[in-house]
Each structure stands twice: as structure tokens, then as C-alpha cells.
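Before any comments, here is the structure.
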Amino acid sequence: MFLKIKNKMTEKATAYLSGDTRKITTYSLQTMKQRGEKISMLTAYDFSMATVIDNAGIDIILVGDSASNVMIGNATTLPITVEQMIYHGKSVMNAVKRAMVVIDMPFGSYQGNPYEAVANAVKIMKETQADCLKLEGGKEIIESIKAILNAGIPIMGHLGLMPQSINKYGSYGLRAKDESEANQLIEDVRLLQEVGCCSVVLEKIPAELAKKVASELTIPVIGIGAGSGVDGQVLVMQDMLGLNKGFSPKFLRRYANLYDVVTESVQQYVRDIKAVDFPSEEESY
Ligand code: KIV
Numbered sequence: 005m006f007l008k009i010k011n012k013m014t015e016k017a018t019a020y021l022s023g024d025t026r027k028i029t030t031y032s033l034q035t036m037k038q039r040g041e042k043i044s045m046l047t048a049y050d051f052s053m054a055t056v057i058d059n060a061g062i063d064i065i066l067v068g069d070s071a072s073n074v075m076i077g078n079a080t081t082l083p084i085t086v087e088q089m090i091y092h093g094k095s096v097m098n099a100v101k102r103a104m105v106v107i108d109m110p111f112g113s114y115q116g117n118p119y120e121a122v123a124n125a126v127k128i129m130k131e132t133q134a135d136c137l138k139l140e141g142g143k144e145i146i147e148s149i150k151a152i153l154n155a156g157i158p159i160m161g162h163l164g165l166m167p168q169s170i171n172k173y174g175s176y177g178l179r180a181k182d183e184s185e186a187n188q189l190i191e192d193v194r195l196l197q198e199v200g201c202c203s204v205v206l207e208k209i210p211a212e213l214a215k216k217v218a219s220e221l222t223i224p225v226i227g228i229g230a231g232s233g234v235d236g237q238v239l240v241m242q243d244m245l246g247l248n249k250g251f252s253p254k255f256l257r258r259y260a261n262l263y264d265v266v267t268e269s270v271q272q273y274v275r276d277i278k279a280v281d282f283p284s285e286e287e288s289y
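For the sequence shown, counting from 1, position 175 maps to 179 in our numbering; every step adds exactly one.
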């Protein structure tokens with residue numbers, strides 16, 4: 005009996021592999037949570053990779069402000085601008101047919117007054133035609149969140165480790181490990197749900213706390229470094245594909261070693277050119 009139920013869950017969870025090409029929306033996420041199907045989410049910042057991961061069946065593509073680190077080479081997410089996020093957002097939107105596309109509002113674009121926040125949110129939505137925006141923070145930015153939601157724009161919250169606040173924390177260590185920060189997180193996440201956020205990312209917090217939050221909330225909770233008791237998982241694509249050799253946090257699972265694959269391919273290409281082996285006659289006109 006248990007096995008039958010388990011097999012049924014797996015069938016549902018792999019519906020995308022059997023050609024279900026229906027667009028993922030905020031409604032689909034809600035349905036996934038209700039039926040216990042885990043949500044898959046990955047970052048992408050450009051047309052080529054977004055095409056691959058959309059066709060591979062990812063549920064949500066996050067145009068993360070981690071583009072600041074992995075695409076531009078900045079030390080933090082703080083320098084990336086609204087215009088740069090729009091550039092990456094458009095590139096991804098040009099590729100995606102099925103996944104829900106969420107774009108991070110960059111540092112400084114929503115923490116001021118709510119009018120500026122709405123203006124920036126509307127600009128990003130108009131110019132990219134994305135499906136949803138993600139903002140870091142709880143009660144300290146709640147007026148901006150409400151104003152953006154009032155404009156009809158769905159919001160994914162982001163609590164726990166919030167990289168845009170790295171200068172306040174001073175480290176990328178585990179968050180909410182003490183009771184007062186954990187209580188604050190619970191208060192904030194309840195508030196995000198109450199005002200109408202469609203989901204929330206919890207980054208680098210104890211698994212028990214994340215599980216408790218996910219079981220209390222009716223909106224989907226997506227974790228990164230937050231254990232398996234949440235409704236879905238997100239990773240930065242460059243990290244999970246092994247392009248970022250120096251980054252090995254405990255929560256990261258590497259599914260490929262693209263750094264070595266690309267290095268070996270490029271070295272072979274160089275050798276072939278030097279040896280006048282490439283192009284061959286068959287590769288010439
Ligand atoms: O910008 C990003 O990639 C993110 C994920 C780490 C959740 O916010």
C-alpha cells in the first residue's frame with residue numbers, strides 16, 4: 005500500500021518528463037505544495053542556459069542577483085543595477101516556454117520609499133515580461149512589498165541569509181540559529197504570507213526551523229541550505245554544475261564538473277589548432 009502511494013507521488017513528481025509543457029504559474033506552485041510535489045528551482049542569466057534548463061524541466065528559473073557574482077565577477081550582489089537585471093531577465097525570457105521566471109530586485113531598488121519600489125518593479129516587469137519578482141527582507145520592507153503587490157505583481161520573499169545585507173552580517177554563515185533571530189524569521193515569514201507573497205525562499209537556516217515554517221505556511225517555501233523539509237530547492241546553476249571551483253558550502257551538491265569539462269575541451273581545441281588538425285577537409289568548404 006505504502007509503495008503504491010510512493011509510486012503515485014513519483015509519477016506526479018515527474019509529470020514534466022512525460023511532456024507536460026503547461027506554463028508554471030503562481031497557481032501551479034500552490035497546487036504543487038498542496039499535493040506534496042517538490043518544486044525545483046535554478047538560477048539562469050542568459051538565453052543559452054535558460055533554454056537548456058527550461059527544456060530539462062525545471063519548474064522555476066530565478067534570474068538571481070547572484071549574476072553580480074557569477075556573471076559579472078563582483079565580490080557581492082550589491083553592485084548589480086536594475087538595468088543589468090533587466091538585461092539578464094530579457095535574455096532568459098527570450099528562451100523560456102514552461103518555467104516560471106522570477107527576477108531579483110537588486111539592492112537599493114526597493115529598500116527606500118514604496119513609490120520608488122513600485123516604479124522599479126513595474127520597469128522590470130514591463131521590460132522583461134517576467135512572471136514574478138523576489139525581494140529580500142521582512143517587516144523592514146513591508147510597505148514596499150505591499151505597494152508592489154497592489155500593482156498586481158507577484159512577489160517571492162527571501163529570508164534567512166540575505167546576501168544584500170552581507171555588510172550588516174559580516175559573514176555568509178548560518179542564520180537564525182539563536183532563538184531571537186529564529187522568532188524574528190517566523191514573524192517575518194508569517195507577515196509575508198499575510199500580505200500576499202506567493203512563496204518565499206529561506207536561505208541557510210537550520211533544517212528544523214525551515215521544516216517548521218514550511219509546515220505552518222500555506223504558500224510554498226523554497227530552501228537553499230535549509231534542509232529537505234521545505235517545499236522545494238534552489239541552487240545557483242554555476243555552483244551545481246561545478247563551474248565555480250572555489251565554492252563548496254555544505255549544502256551544495258555538484259551534479260557535474262563543468263570547470264574540468266570546459267578546460268579539457270578548450271585545451272584540446274588549442275592543441276588541434278596548433279597541430280593544424282582543425283579544421284579538417286570535412287570541416288572546410
Ligand atoms: O540570487 C540568487 O541566486 C538567490 C538564490 C541564492 C536564492 O537569491
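Positions of the beta carbon are idealized from the N, C-alpha and C atoms, including for glycine.
Small disclaimer: the values here were computed from a predicted structure and weren't measured.
- Annotation for P167 indicates a beta carbon within 8 Å of some heavy atom of the ligand KIV.
- Taken atom to atom, the span from the alpha-carbon of E185 to that of G250 is near 29 Å.
- Here the C-alpha atom of T81 lies approximately 14 Å from the C-alpha atom of K138.
- Distances between the C-beta of V234 and the heavy atoms of the ligand KIV are all 8 Å or more.
- In the same chain as F111, and ignoring 5 residues on each side of it, the C-beta atoms closer than 6 Å to its own belong to L82, Q168, in chain order.
- Take K127, set aside five residues on each side of it, and the residues of its chain with a beta-carbon closer than 8 Å to its own are V86, I90, in chain order.
- For C136, the beta-bridge partners assigned by DSSP are V106.
- When beta bridges are read from the DSSP output, S203 appears opposite M160.
- G142 places its beta carbon less than 9 Å from that of G161.
- The closest heavy atom of the ligand KIV lies less than 8 Å from the beta carbon of D108.
- By the neighbour-count criterion, in which a residue is buried when 16 or more other Cβ atoms sit within 10 angstroms of its Cβ, S252 is exposed.
- Here V100 carries a coil assignment [DSSP, helix/strand/coil].
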